[in-house]
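125 is the number that the numbering used here gives to position 20 of the sequence shown; each next residue is one higher, with no gaps.
Heads up, the beta-carbon is just placed ideally off N, CA and C, and yes, glycines get one too.
Below: one structure, written as structure tokens.
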Amino acid sequence: MKYLLVTLEYPPFFGGIAHYYGHLVKNFPGTITVLDNSQGQLVSEHLLWKWWPAIRSIWRAVQEEKINYILVGHILPRF
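Structure below.
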């Protein structure tokens, strides 16, 4: 099974959530692809289309990596 983790906080981002997700990916028995906002691929500064990059990036990752499950974590604080 292939998993996609979508999160705004992932190492080297500092904090508890980033630390937790880093260890989750490191110790998970399956394959997890991580999609974070380190290169601005999830959240735009444009007010009307703020989440459009996330939708596009998730769709692309699912198609390219043949993802079976999507794990979404810690996104709401950016609203």
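Practice problem: Would you mind stating whether Tyr108 and Gly135 have Cβ atoms separated by less than 9 Å? | Solution: yes
Self-check item: Residues that Val139 bridges to, as DSSP identifies them
Solution: Answer is Leu110.
Quiz item: Bridge partners of Tyr174, per DSSP?
Solution: According to DSSP, Tyr174 bridges with Tyr108.
Practice problem: Measure from the alpha carbon of Val177 to the alpha carbon of each residue in Ser149, Glu150, Asn142 and Phe118, then state which is nearest. | Solution: Asn142
Exercise. Apply the 10 Å Cβ neighbour rule to Leu147 and answer buried if 16 or more other Cβ atoms are within range, or exposed otherwise.
Key: That one is buried.
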